[in-house]
Amino acid sequence: MKRILLTSLGATLVALVGCQQDASDSLTSHQEPWSQSSLAAGAGNTWNHQAQSVGGQNGITDPTQVVLDDQAIGTPDVVARLHGAQKLQYATLGAILADLGVDMTSTTPDSAGDLYATGQGPLGVAVYSSRVPEMIIPSTSALAKEYDVFAAAATEILKSNLATSTRCPGTQLVDSTGAFTSDGISCLIGKPAKPDHLTLANQLVSQAPDTATGQQLAVATLLAAAHTSE
Amino acid sequence: MADPRLKSLRGAGRRQFIKWSTAVAAVLGLERSRYLDVLSDKAGVAMADGASCASTAKSVHLIGDNGGLAWFTQLFPYPDIAQANNPAFAYYANTATVATGTTNPLVYSPASPFQTLPANRQMTVFVAGTNQTHTKTPTSGLTIGNNGLIASVSAIQAANPTLLPVMAMNPFVFGSAPGAASPATVADSSGLVDLFNSAASKTLLSTPQNAGLDEAYFKAFLSLNSIAPRPSVAKVYDTSKVAVNLLGRNLATQLAVTAADDARYGITASTQSNIVEIAHALCTGVKAFGLGLTSCLVLPAMQDDPHPAFQNMQTLTTNVQTLGKILDAFMADCMALPDPAGCTGKTLADSMVMTITGDTPKTGLTRSGWPDGTVDNHNLVMVWGGGWLKTGWFGNLDASGNLTTWDPNTGGTGTATSQTLGTPAASAVAYAVAKGDARQVENFGGTAPPGVIVTNNT
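Dropping the structure here:
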């Protein structure tokens, strides 16, 4: 009896899959309006981690707040995509740094552009001849190389002080006193900076051997922490 | 005082007890040394020694794609072909020495490595897999059930975590398996060193103070991410912390190949670049293994489709001799390094497994043009099993061109085709990596190898 039930369930699932109209690479059914419950981002699935170890009342995040947080991230399919801690794609990494005014075409040894161009292997780029797709989960070498690129990019970003940035033109990362600005850090990390970001960044500068080194370390670590996963 | 019931535990029960007691010690927050003391008291010194050893072996996988495997048939020749002394056969030498003490027949060519090692540290060669001529990513011998062998091996090795679980040079075959690691891929052997040679470690993070600040503030900024407390990112965030630590270190000088290394590995200015790549990869690899940085190294071998190899016997002989020296030097390095897991009295060689596979071994019967086709479309899986496999040839190609296969249940002559013997051969490899834990082999779709093929380590 159990076998008959399982067989019929399997047949039903196969039939349902076969009836899908969308391409196989489609994450969602592209129905409007979005059905929250149909997605990985919907309530009741793994994304909806209400029982947080921190935040919310008694360790439980208010469901309303979860919905608001998700809406701040984007549409449900974007929220779903960002559910997994996916590696920042190679092309995306380049685009982000170019947006911040980093010369990604530079061939100067150990410049961000050079490290980026020569770092395709460690960064987990697809190898078509070996039928190896671009790495999805970040490996140690991918993250180490990514952070290496960020460390090199920090020098260029500070040198231009975001003046060459296309992401947030007119924003200064460091003010005339040498202190980081909240807008500048927001531009760097791609989301509103928290007061702690500003405090820690300036504290790092004060602990470093000199201001320039401290600023570079702060920019490199801010970039790295904000872009560990997508 | 040791409990005789615990002291006499063997096989799976012994392994289970060690795993269970290790877990309990971890839960109780017992220091490792204290745990080993207790184990020594209650279950004997041998059990405590076993617990301090890594439960899995490191592994090196040479993939001789595009005919590259054929070169290794000159180091580990078909026994009958090597002894036939037939100048038409694809065997470079006119002498062959029969190895003594191996379970199955094994002969050395003059350039064969490992000739001074004991019988249980010799090569095992399986007639197994399919001829996949001119494939850049040959899967023959590298598939275990529905899983990739190397992916499965990396999952088995996860029991003893390392900084970069798999380092792989392109092109390579990996496959998939539940729990498999993500390979850190590089373009060539110098890329293996570059994995541990960040630009930042030479500039911004060149001082311990700066490296320390970088690591500390990275962790602080990471914790500010709104997603940070969520369990779904915990694993990646752990990886990121290792990565940022790695960024501040520069191990290039410890891993780089020196002139002395080249001399030991038989590399000269005139050595072919594809042979140099093997030497440098293995040399860097053994240093990385010794430092506990990695568990698995995958590299392409030769890749040169050597149809005309026998047209220039001098070059052929030189190349084969150099390949033999490289493998000997690699194993000597492994034997000179202590086991990175800290296992008393053991060396890295006691925790090492090496496989050599490829798309085709080419025919052993004809040296002229060294054709790609093999009798019954067979292929070979060559393994250095670190004492966990019975040694010698399983299957044979005789001087009349008749292929004999082997029985995966009895180890003797069998009726199975080479194609169907791929998984049993791969299972034996996985068994060796799992250091005799047959359940690990079955977990990944393999077949538990019987005692006639594998052995308990001595």
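From first to last, the protein sequence lines are chains D and S. Every letter in the first sequence is one number past the one before it in my numbering, and letter 229, counting from 1, is 234. Every letter in the second sequence is one number past the one before it in my numbering, and letter 98, counting from 1, is 720. Ideal Cβ positions, reconstructed from N, Cα and C, are used throughout, including at glycine.
Note down, in chain order, each residue of its chain lying with its Cβ closer than 7 Å to the Cβ of residue i, except the 5 sequence neighbours on either side.
| i | result |
| --- | --- |
| Pro732(S) | Ala715, Thr717 |
| Phe155(D) | Ala225, Leu228, Ala229 |
| Gly1067(S) | Ile766, Gly767, Asn768, Asn769 |
| Gly124(D) | Lys150, Val154 |
| Phe185(D) | Leu178, Val179, Leu203, Ala206, Asn207, Ala223 |
| Gly914(S) | Thr784, Pro962 |
| Phe911(S) | Lys680, Pro962, Leu970 |
| Ala931(S) | Leu938, Trp992 |
Is the CB-CB distance between residue i and residue j below 7 Å?
| i | j | result |
| --- | --- | --- |
| Thr1035(S) | Thr1026(S) | yes |
| Asn723(S) | Ala750(S) | Reading off the sequence shown, one finds Gly at residue 723(S), where the question assumed Asn. It is not a contact, given that the beta carbons lie outside the stated cut-off. |
| Leu178(D) | Leu227(D) | no |
| Thr296(D) | Val864(S) | A query on residue 296(D) cannot be resolved here, the shown segment of chain D reaching from 6 to 235 and no further. |
| Trp1028(S) | Phe1016(S) | yes |
| Thr893(S) | Thr944(S) | yes |
| Pro1071(S) | Ala1050(S) | yes |
| Gly991(S) | His929(S) | yes |
| Ala901(S) | Ile889(S) | yes |
| Leu877(S) | Val815(S) | yes |
| Gln221(D) | Thr160(D) | yes |
| Leu93(D) | Glu235(D) | yes |
| Val84(D) | Ile78(D) | yes |
| Pro701(S) | Val747(S) | no |
| Leu1011(S) | Ala1054(S) | yes |
| Met974(S) | Gly1014(S) | no |
| Val855(S) | Ala90(D) | yes |
| Gly967(S) | Val997(S) | no |
| Phe811(S) | Ala903(S) | Checking the sequence shown, residue 811(S) turns out to be Ser, not Phe. For Ser811(S) and Ala903(S), yes; Cβs fall inside 7 Å. |
Can you list, in chain order, the residues of its chain whose CB lies under 8 Å from that of residue i, leaving out five sequence neighbours each side?
| i | result |
| --- | --- |
| Gly219(D) | Leu209, Val210, Ser211, Gln212, Ala213 |
| Thr169(D) | Gly106 |
| Ala777(S) | Ala799, Pro800, Gly801, Ala802, Ala803, Phe1066 |
| Thr112(D) | Gly118, Asp119, Ala122 |
| Phe1086(S) | Summary: the structure shown does not reach residue 1086(S), with chain S confined to residues 623 through 1080, and so no result is reported for it. |
| Asn63(D) | Note on Asn63(D): pLDDT 42, under 50, position unreliable in the model; the coordinate value appears next. Contacts found: none. |
| Thr216(D) | Gly183, Val210 |
| Leu697(S) | Ser731, Ala733, Ser734, Pro735, Val942, Leu945, Gly946, Leu949 |
Return the Cβ separation of residue i and residue j in integer angstroms, given the expectation that the two are a contact with Cβ distance under 8 Å.
| i | j | result |
| --- | --- | --- |
| Thr979(S) | Gly797(S) | At roughly 12 Å, the Cβ-Cβ gap does not stay under 8 Å, so Thr979(S) and Gly797(S) are not in contact. |
| Ala790(S) | Pro800(S) | Between Pro800(S) and Ala790(S) the Cβ distance is about 19 Å, and since that is not below 8 Å, they are no contact. |
| Cys918(S) | Pro793(S) | Not quite, the Cβ-Cβ distance comes to about 16 Å (not below 8 Å), so this is no contact. |
| Leu869(S) | Ala822(S) | 5 Å |
| Ala833(S) | Gly126(D) | About 24 Å; that fails the 8 Å criterion. |
| Leu844(S) | Tyr859(S) | 6 Å |
| Leu167(D) | Thr176(D) | 5 Å |
| Leu128(D) | Tyr95(D) | 5 Å |
| Asn782(S) | Ser895(S) | Asn782(S) to Ser895(S), Cβ: 34 Å. No contact. |
| Ile685(S) | Pro922(S) | 5 Å |
| Lys984(S) | Ala712(S) | 6 Å |
If you drop the 5 nearest sequence neighbours on each side, which residues of the same chain put their C-beta closer than 6 Å to that of residue i?
| i | result |
| --- | --- |
| Asp927(S) | Asn688, Gly689 |
| Cys173(D) | Cys192 |
| Asp188(D) | Thr176 |
| Pro1030(S) | Pro1046 |
| Thr916(S) | Thr784, Leu786, Met789, Ala910 |
| His683(S) | Ile772, Val920, Thr977 |
| Val59(D) | Its pLDDT being 43, under 50, Val59(D) is placed unreliably by the model, and the measurement read from it follows with that caveat. Here the set comprises nothing. |
In chain B, what lies closer than 7 Å to residue i by C-beta?
| i | result |
| --- | --- |
| Ser234(D) | In the structure shown, chain B does not exist; the protein chains are D and S. |
So if I threshold CB-CB distances at 9 Å, which residues from the region 821-844 of chain S count as touching chain D? Ala821, Ala822, Ser823, Lys824, Thr825, Leu826, Leu827, Thr829, Gln831, Asn832, Leu835, Asp836, Glu837, Ala838, Tyr839, Phe840, Lys841, Ala842, Phe843, Leu844
Near-chain S residues of the region 201-226 of chain D - C-beta to any C-beta below 9 Å: Asp201, His202, Leu205, Ala206, Gln208, Leu209, Gln212, Ala213, Pro214, Thr218, Gly219, Gln221, Leu222, Ala223, Ala225, Thr226
Near-chain D residues of the region 941-973 of chain S - C-beta to any C-beta below 7 Å: Residues of the region 941-973 of chain S with a C-beta less than 7 Å from any C-beta of chain D: none at all.
When you check each C-beta in the region 755-782 of chain S against every C-beta of chain D, which residues fall closer than 7 Å? Lys758, Thr759
Every unbroken beta strand (DSSP E) within the region 868-953 of chain S, with a cutoff of 3 residues, ordered by chain: 916-922
May I ask you to list, following chain order, the residues of the region 141-155 of chain D that have a beta carbon less than 9 Å from some beta carbon of chain S? Ile141, Ile142, Pro143, Ser144, Thr145, Ser146, Ala147, Leu148, Ala149, Lys150, Glu151, Tyr152, Asp153, Val154, Phe155
Residues of the region 118-133 of chain D with a CB closer than 9 Å to any CB of chain S: list them in chain order, please. Near chain S, meaning a CB-to-CB distance below 9 Å, the residues of the region 118-133 of chain D are Asp119, Leu120, Thr123, Gly124, Gln125, Gly126, Pro127, Gly129, Val130, Val132.
When Cβ atoms are compared, which residues of the region 864-893 of chain S fall closer than 8 Å to chain D? Listed by position along the chain: Val864, Ala865, Val866, Leu868, Leu869.
Mind checking the region 184-200 of chain D against chain S and listing, in chain order, the residues whose C-beta falls within less than 7 Å of any C-beta there? Lys199
Listed in chain order, which residues of the region 101-117 of chain D have Cβ atoms closer than 7 Å to some Cβ of chain S? Asp115
At a CB distance below 7 Å, what residues from the region 802-820 of chain S approach chain D? Give them in sequence order. Ser804, Ala806, Thr807, Val808, Ala809, Gly813, Leu817, Ser820
With a floor of 3 residues, list each beta strand (DSSP E) that falls wholly inside the region 174-221 of chain D, ordered by position along the chain. none
Which ranges would you report for the alpha helix (DSSP H) in the region 675-734 of chain S if only whole runs of at least 4 residues count? 691-694, 701-705
Relative to chain D, which residues along the region 985-1016 of chain S have a C-beta separation below 9 Å, given in chain order? Taking 9 Å as the Cβ-Cβ cut-off against chain D, none of the residues of the region 985-1016 of chain S qualify.
Enumerated in chain order, which unbroken segments of the alpha helix (DSSP H) with a length of 4 residues or greater are wholly contained in the region 790-874 of chain S? 811-816, 830-846, 856-869
According to a CB-to-CB cut-off of less than 9 Å, which residues of the region 851-863 of chain S neighbour chain D? The region 851-863 of chain S vs chain D, Cβ under 9 Å: Pro851, Arg852, Pro853, Ser854, Val855, Ala856, Lys857, Val858, Tyr859, Thr861, Ser862.
Continuous beta strand (DSSP E) assignments of at least 3 residues falling wholly in the region 961-1006 of chain S: 974-980, 1000-1006
Output, in sequence order along the chain, the residues in the region 678-692 of chain S whose CB is closer than 8 Å to any CB in chain D. none
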